[in-house]
Structure formats: structure tokens, C-alpha cells
Amino acid sequence: MGCRVRVVNITHVHPAKTGDPSPPCHGEYKLSFMDLFHIARMPMQRLFFFDGPDLPPFPSMVSTLQSSLAATLAVYLPLAGKLAFRASTGDVVIDCSPAAVASGVKFVEAEFSGSADDMRRLVSDLEGREVSTSKQWGLRIREGELGDGSSCIT
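Take the sequence shown: its letter number 20 is residue 20 in full-length UniProt numbering, and every next letter is one higher.
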């Protein structure tokens, strides 16, 4: 029998409720010039592998990861926001309104039936190959400037 990945559960993690009396900054964040280059790319995704004899039970690890993600989303609310296009201004924004963040962030639990070496092969198959190019570019930010890409426009 070959290696298999089995999805155990799909849930959504919501930003944690904080004890801070001031509400989180619900609103819109306009994407910068540099951000716009990344719109067509896949959303941020992370894959965590756990293997070894001294691991806590799987449900305990999942609970810890979900709690950590919820705490992170509460501090960095745009990670839970939704991309939106505003036709009136032509801007693409991250909508962090209560309605936009209400669905939370998708959290997928899965089990892998292979060995640790099989996992490593799976990861190397998923990772992009490093491609060398002759063109290189960089961004220099002077002290006190906000690195939002606006200093690149001439």
C-alpha cells in the first residue's frame, strides 16, 4: 500500500476574543503597489509535519495550533480579512469588517500514512524548485520611510 493523506477535519478558526476594551481595527487596508503583484498568487498556506515517539496526542497538538492561530488573528486581523475590489476608487483592499472576518480562516487537519522519509519526499515534491535568473532587484528604504512600495514609483 502506498502513502496516503487523509483529511480528518476541516474547520474555521476565528480571531480570539481579547480582554482589550478597545475593539480591533475593523476597516479596510488598501494594498500597496508591491502588494498588488501578489494578488494572483495562492493565499498564504502552511503545512506542519509532526513525527516522533514523544509527541503529544494529535487532538492536543491540533488544539494548540488552533489556539495559537486564533491569538495571531486577533493581533493581525488582516490575515483573517477578505480581498475586495472597490469599483468607485479602483482599489483592491483587505476588508476587515466584522462580516468579512466572521468566517475565520480555514484549518485543515490531515493524517499521512507513510513514513518520515515518505513525508520528506512529499515536501520536496510540494516545494518549488529554486530557479536562478540573471535579473536581480532590491528595495532600499531610507530611515523613516514606510516600506509600502510608494517610494519605488517615479
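Even for Gly, the Cβ is constructed at its ideal location relative to N, Cα and C.
Span of the alpha helix (DSSP H), counted from its first residue to its last, around residue i
i: residue 58; result: 58–75
i: residue 84; result: Looking at the DSSP string, residue 84 is not in any alpha helix (DSSP H); the run it does join, the beta strand (DSSP E), is 82–86.
i: residue 98; result: 98–101
Simplified DSSP state of residue i, which is helix, strand or coil
i: residue 112; result: strand
i: residue 152; result: Confidence in residue 152 is poor, its pLDDT being 40 and thus under 50, which makes the residue's placement too unreliable to answer from.
i: residue 120; result: helix
i: residue 133; result: In this prediction, residue 133 has a pLDDT of 43, which is less than 50 and means its spatial position is unreliable; what the coordinates show is noted afterwards. In this structure, residue 133 counts as coil in the three-state DSSP scheme.
Buried versus exposed, by CB contacts within 10 Å (16 or more), residue i
i: residue 10; result: exposed
i: residue 15; result: buried
i: residue 52; result: exposed
i: residue 98; result: exposed
The ligand PLP heavy atom lying under 7 angstroms from the CB of residue i
i: residue 12; result: No copy of the ligand PLP appears in this structure; indeed no ligand is present at all.
Span of the beta strand (DSSP E), counted from its first residue to its last, around residue i
i: residue 91; result: 91–95
i: residue 30; result: 28–30
Pairwise C-alpha distance: residue j and residue i
i: residue 77; j: residue 49; result: 26 angstroms
i: residue 62; j: residue 55; result: 12 angstroms
i: residue 106; j: residue 113; result: 23 angstroms
Interface flag, residue i vs chain B, CB-CB below 8 angstroms
i: residue 2; result: In the displayed structure, chain B is absent; only one protein chain is listed.
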